[in-house]
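All residue numbers for the sequence shown refer to my numbering, where the first residue is 2 and numbers rise by one. Note that beta-carbon positions come from the ideal geometry of N, C-alpha and C, so glycine has one too. Here the structure is a predicted model, which is why all the values come from computation and not from measurement. Notes to accompany the following structure.
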Amino acid sequence: MLEIEFTSHLRRLVDLPDSVEVDAPTVAAALDQLAMIAPAIDSYLRHEDGSLRRHVNIFLDDQFVRDRQRLSDSTAGVTRLFIMQALSGG
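The following block contains the structure:
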């Protein structure tokens, strides 16, 4: 199982729990499952073509996701997927 964790901002934005567990072979499949649990989050994370939005970063354990277009990075051997959204302002 893969545990998906979120920043507190994302949790408040779409009313998510601290984490969600999914069983998915790739980052794209994990986000697909997350979208089934919390549909509102998908438009914050991905473009209509499925690619990751510029202001979103995803980590597999402690490594950045490399394939931001297709999100094909494997989740094999990964225990934690962390999603963060860059914020700006002053």
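For residue i, does the count of other Cβ atoms within 10 angstroms reach 16, so buried, or fall short, so exposed?
i, result
"R55", "exposed"
"L88", "exposed"
"D74", "buried"
"A41", "exposed"
Give a yes or no on whether the C-beta atoms belonging to residue i and residue j are separated by under 7 Å.
i, j, result
"V23", "L72", "no"
"F60", "F83", "yes"
"Q86", "V57", "yes"
"L17", "A39", "yes"
Using three-state DSSP, classify residue i as helix, strand or coil.
i, result
"M85", "strand"
"L61", "strand"
"R47", "strand"
In the DSSP assignment, find the unbroken beta strand (DSSP E) run with residue i in it and report its ends.
i, result
"I5", "L3 to F7"
"S20", "S20 to V23"
Which residues mark the beginning and the end of the alpha helix (DSSP H) in which residue i is found?
i, result
"V28", "V28 to I38"
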